[in-house]
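Undergrad:
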Amino acid sequence: MLRIPCPHCGLRDEPEFDFGGPAHVTRPAWEVSDEEWTAYLYLRENPAGLHLERWCHSSGCGRWFNVARDTLTHEVIRSYPIGAPKPELSSLASRRRIL
Amino acid sequence: MQRYSFMTLARRALRKHRAWKPAWHDATLRPGYDVVVVGGGGHGLATAYYLARNHGLRRVAVIERGVIGLGNSGRNTQVVRSNYFYAQSAAFYDHSLKLYETLGRELNFNVMLSQRGLIQLAHSEHELETVRRWCNAIRMNGVDSDMLTPTEVKRLAPPINLNARFPIVGGFIQKRAGIARHDAVIWGLARAASARGVDIVQRCEAIDFYIRAGRIHGLTTNRGLVVADRVVLCVAGYSSQLARLAGLKLPITTMALQAMVTEPIKPVLDVVVVSGAIHAYVSQSDRGEIVMGAGADSYNSFAQRGGLPQQRATIAAVVELFPTFSRLKLLRQWAGRVDVTPDTSPLMGLTPIENLYINCGWGTGGYKAIPAGGDTMAYTVVHGTPHPLIKSFALDRFRTGALIDEGAAAGVAH
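These protein sequence lines are chains A and B, in that order.
Those letters in the first sequence? Residues 1 to 99, by the numbering used here.
Those letters in the second sequence? Residues 1 to 414, by the numbering used here.
1) Secondary structure at Arg287(B), three-state DSSP: helix, strand or coil?
2) Could you confirm whether any beta carbon from chain A is found closer than 8 Å to the beta carbon of His414(B)?
3) The beta strand (DSSP E) spanning Pro22(A) covers which residue range?
4) Let me make sure I understand the geometry here. Which of Ser59(A), Tyr40(A) and Ala68(A) has the alpha-carbon closest to that of Ser91(A)?
5) Counting beta carbon pairs with one atom in the region 178 to 188 of chain B and one in the region 205 to 220 of chain B, are three or more of them shorter than 8 Å?
6) Is the CB of Ser345(B) under 8 Å away from at least one CB in chain A?
7) Smallest Cα separation from Leu331(B): which of Glu289(B), Leu347(B), Tyr357(B) and His126(B)?
8) In terms of alpha-carbon separation, which member of Ala177(B), Ile119(B) and Thr344(B) lies closest to Lys154(B)?
9) How about Val79(B) and Ile179(B): are their beta carbons less than 8 Å apart?
10) Between Thr26(A) and chain B, is there a C-beta pair that is closer than 8 Å?
11) For Ser275(B), report the span of its beta strand (DSSP E) as first-last.
12) What does Tyr42(A) reach in chain B if we use C-beta pairs closer than 7 Å?
13) His74(A) and Trp259(B) - do their beta-carbons sit closer together than 8 Å?
14) I'd like to know if Leu245(B) contacts chain A, where contact means its C-beta is closer than 8 Å to some C-beta of that chain.
15) Express the C-alpha separation of Arg305(B) and Arg97(A) in angstroms, rounding to a whole number.
16) In the DSSP assignment, what are the bridge partners of Thr149(B)?
17) If you measure from the beta carbon of Ala335(B) to each beta carbon in chain A, is any gap under 8 Å?
18) If we define contact as Cβ-Cβ less than 8 Å, is Thr324(B) a contact residue for chain A?
19) Taking its Cβ as the centre, do 16 or more other Cβ atoms sit within 10 Å of Leu11(A), making it buried, or is it exposed?
20) Is Ile160(B) near Leu403(B), with beta carbons less than 8 Å apart?
21) Strictly under 8 Å for the Cβ-Cβ distance: is Tyr299(B) near chain A by that measure?
22) Report the rounded CA-to-CA distance for Thr351(B) versus Cys234(B), giving the unit in angstroms.
23) Under three-state DSSP, which class holds Gly66(B)?
24) Can you find the residues in the same chain that come closer than 8 Å, C-beta to C-beta, to Asp18(A), ignoring five residues on each side of it along the sequence?
25) When the Cα of Gly171(B) is compared with those of Ala246(B), Val232(B) and Asn83(B), which residue comes out closest?
26) Per DSSP, which residues does His51(A) bridge with? Please list them.
27) If you drop the 5 nearest sequence neighbours on each side, which residues of the same chain put their C-beta closer than 6 Å to that of Tyr379(B)?
28) If we define contact as Cβ-Cβ less than 8 Å, is Gln241(B) a contact residue for chain A?
29) Looking at the C-beta of Asn46(A), does it have a partner C-beta in chain B at a distance below 8 Å?
30) Looking at the structure shown, is His414(B) part of a helix, part of a strand, or coil, going by DSSP?
31) At which residue ranges does the region 22 to 64 of chain B contain complete alpha helix (DSSP H) runs of 4 or more residues, listed in the order of the chain?
32) From the DSSP output, in three-state form, read off Cys56(A) for me.
33) Per DSSP, Gly171(B) is paired with what?
34) So with CB distances below 9 Å, who are the chain B contacts of Pro7(A)?
35) Less than 8 Å between the beta carbons of Pro251(B) and Leu2(A), yes or no?
36) Thinking C-alpha only, which one of Ser275(B), Pro264(B) and Thr220(B) is nearest Leu328(B)?
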């Protein structure tokens, strides 16, 4: 089970949270090509490794925030506020490897 | 290929079973092929098999990063069915079920198909309305489907508890649905493909593609370079990664889907029982284990490890439906990497790169589609145009908006 650090409530268990998909997906301008709109709606990085994603502490404070997590090891590296700029990847190096 | 029959078995038994040869040839990579299939799962092996069988191709290779049968093809719940809401899906999956019906004989390998029927439960009057609509849609699609009363459900699945926390008010059954032994399907396809000259190359990982002027010419593997006229990707959870090598971004999210089995017991359940509302997915295997399928974990995962909250939810649902199962011990729990698309329908056919084909997006239901996936992809690769049955499953549907939203139609357990 994941244990996720909510920036407002601290470390809590996975069932308290809802997953909100990848973070930093920016909605394009109103007038865009079909290709750009498709990319925004559907195309995903889906990395095997570091993933920046949104979570909502729905059974807690109800607030959204971002999490840096490793999809290969399930290691939750850290959480950071929603709306914060995309963190530098080098600062998110995994502390340990569980394979 | 040695043909398997009662007579060969008897003859070999007299010679103390020393004369058996390996079922298929563990090949080494040759420098060039007409078609290289990346991924030795069910869909990859089936594609190679039908390329050789239906189209007479002799220079075909299946390259597999690990060994065959250990990915999702060894991690599913063995269920085969074609009870789909939309006509495009029903046509495709029923083609698959029909191929399954003759697959054992065709491969000369018993795939242990058991068309024991699959019951979809309804737990409220409202759900029953939805289920009736679904059942009727399936019939309109030309697939068998019949509504059941609670008494009929009880007669078909005696250990079921009709007065569960969410009582059973009815359901429907597809009688032709059932289970088929997954290892046998993989082994049978590998054996038949190998016998027709397909090279199955294990521990061979695709590292890069050789693409020039929008056309693929070959690939780099950890076993060296290989020239290929056409390349087919059948790599499920790692589709995004391989597509990225070709400069493509896919509408795919890789998640962990788990299943589990109990200790084996005597036969108690000879039908597959599915509940969308509480997400239970139960059958009994030939070995007597109670097989339970869970929902996918909600977050991206490549770990092949299922989360405990999903496991707990599944067991709670199954035990409520079948109270006697609460006394069984859980024997194994595992997970596979599943490649989920936004509309939970597969992604098949051509790519923007010429001669590079893709077969992925099976999400939580690729096993039942193995024969039709292979058959239609082989056709697509040979003709360079999508097989009529898979036209609607092309990558382009996310641009045009012509989605086939089976996830919404089926609710869950898709």
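Every residue, glycine too, gets a C-beta built ideally from N, C-alpha and C.
TA: Once the coordinates are examined:
1) For the purposes of this step, residue 287(B) is identified with residue 287 of the second sequence, where counting begins at 1. Coil at Arg287(B), not helix or strand.
2) Within the second sequence, numbered from 1, the residue matching residue 414(B) stands at position 414. Annotation note: pLDDT 45 at His414(B) (below 50); position unreliable, no value reported.
3) In the first sequence, the residue the question calls residue 22(A) occupies position 22. First-last of the beta strand (DSSP E) with Pro22(A): Asp18 to Pro22.
4) As a position in the first sequence, residue 91(A) is number 91, starting the count at 1. Checking every option, the nearest Cα to that of Ser91(A) belongs to Ala68(A).
5) no
6) Indexing the second sequence from 1 puts residue 345(B) at position 345. Answer no: the Cβ-Cβ gap between Ser345(B) and chain A never drops below 8 Å.
7) The count along the second sequence starts at 1 and reaches residue 331(B) at position 331. Ranking Glu289(B), Leu347(B), Tyr357(B) and His126(B) by Cα distance to Leu331(B) puts Glu289(B) first.
8) Residue 154(B) sits at position 154 when you count from the first residue of the second sequence. Of the candidates Ala177(B), Ile119(B) and Thr344(B), the one whose C-alpha sits nearest the C-alpha of Lys154(B) is Ile119(B).
9) Residue 79(B) sits at position 79 when you count from the first residue of the second sequence. Residue 179(B) sits at position 179 when you count from the first residue of the second sequence. For Val79(B) and Ile179(B), yes; Cβs fall inside 8 Å.
10) Translated into positions along the first sequence, residue 26(A) becomes position 26. Output row for Thr26(A): interface = no.
11) By 1-based counting over the second sequence, the position of residue 275(B) is 275. It spans Val272 to Ser275 - the beta strand (DSSP E) in which Ser275(B) sits, taken as one unbroken run.
12) Taking the first sequence and counting its residues from 1, the one referred to as residue 42(A) is at position 42. Per Cβ cutoff of 7 Å: Pro251, Pro342 and Phe398.
13) Start at 1 with the first residue of the second sequence, and residue 259(B) comes out as number 259. Start at 1 with the first residue of the first sequence, and residue 74(A) comes out as number 74. For clarity, residue 259(B) is Ala in the given sequence; the question names Trp instead. Their beta carbons are not under 8 Å apart, which means Ala259(B) does not touch His74(A) by this criterion.
14) Start at 1 with the first residue of the second sequence, and residue 245(B) comes out as number 245. By this cut-off, Leu245(B) is not an interface position.
15) By 1-based counting over the first sequence, the position of residue 97(A) is 97. By 1-based counting over the second sequence, the position of residue 305(B) is 305. At Arg97(A) the pLDDT is 44, less than 50, meaning the model places this residue with poor confidence and gives no usable figure here.
16) By 1-based counting over the second sequence, the position of residue 149(B) is 149. Answer is none; Thr149(B) lacks a bridge partner.
17) Indexing the second sequence from 1 puts residue 335(B) at position 335. Answer no: the Cβ-Cβ gap between Ala335(B) and chain A never drops below 8 Å.
18) Your numbering for residue 324(B) matches position 324 in the second sequence. Not one chain A Cβ lies under 8 Å of Thr324(B).
19) Residue numbering aside, residue 11(A) sits at position 11 when the first sequence is read from its first letter. That one is exposed.
20) Position 160 of the second sequence, counting from 1, holds the residue named residue 160(B). Position 403 of the second sequence, counting from 1, holds the residue named residue 403(B). No; because the gap between Cβ atoms is not below 8 Å, this pair is not in contact.
21) As a working mapping, residue 299(B) is identified with position 299 in the second sequence. Yes, contact with chain A.
22) What you label residue 351(B) is simply residue 351 of the second sequence in a count that begins at 1. What you label residue 234(B) is simply residue 234 of the second sequence in a count that begins at 1. The straight-line gap from Cα to Cα measures roughly 13 Å.
23) Reading the second sequence from its first residue, position 66 is the one you call residue 66(B). In the structure shown, Gly66(B) sits in coil (DSSP, three-state: anything other than H, G, I, E or B).
24) On the first sequence, residue 18(A) is found 18 positions in, with the first residue counted as 1. Taken in chain order, the residues that qualify are Trp55, Cys56 and Ser58.
25) Translated into the one-based positions of the second sequence, residue 171(B) becomes position 171. Minimum Cα distance to Gly171(B) is reached at Asn83(B).
26) Translated into the one-based positions of the first sequence, residue 51(A) becomes position 51. Arg69(A), per the DSSP bridge assignment.
27) Your numbering for residue 379(B) matches position 379 in the second sequence. Only His387 meet the Cβ criterion.
28) Taking the first residue of the second sequence as position 1, residue 241(B) is located at position 241. Output row for Gln241(B): interface = yes.
29) Here residue 46(A) refers to the residue found at position 46 of the first sequence. Cβ-Cβ to chain B under 8 Å: yes for Asn46(A).
30) As a first step, residue 414(B) must be located in the second sequence, where it is residue number 414. A caution first: His414(B) carries a pLDDT of 45, below 50, which makes its placement in the model unreliable, though a value can still be read off. Coil, per DSSP.
31) 42 to 55
32) Against the first sequence, residue 56(A) aligns to sequence position 56. Note: Cys56(A) maps to strand in three-state DSSP.
33) Looking up residue 171(B) in the second sequence gives position 171. DSSP output for Gly171(B) lists Leu121(B) and Leu148(B) as bridge partner(s).
34) Here residue 7(A) refers to the residue found at position 7 when the first sequence is read from its first residue. Within 9 Å Cβ-Cβ: nothing; Pro7(A) doesn't reach chain B, min ~18 Å.
35) Position 251 of the second sequence, counting from 1, holds the residue named residue 251(B). Position 2 of the first sequence, counting from 1, holds the residue named residue 2(A). Going by C-beta atoms, Pro251(B) is not nearer than 8 Å to Leu2(A).
36) Residue numbering aside, residue 328(B) sits at position 328 when the second sequence is read from its first letter. Cα-wise, what sits closest to Leu328(B) is Pro264(B).
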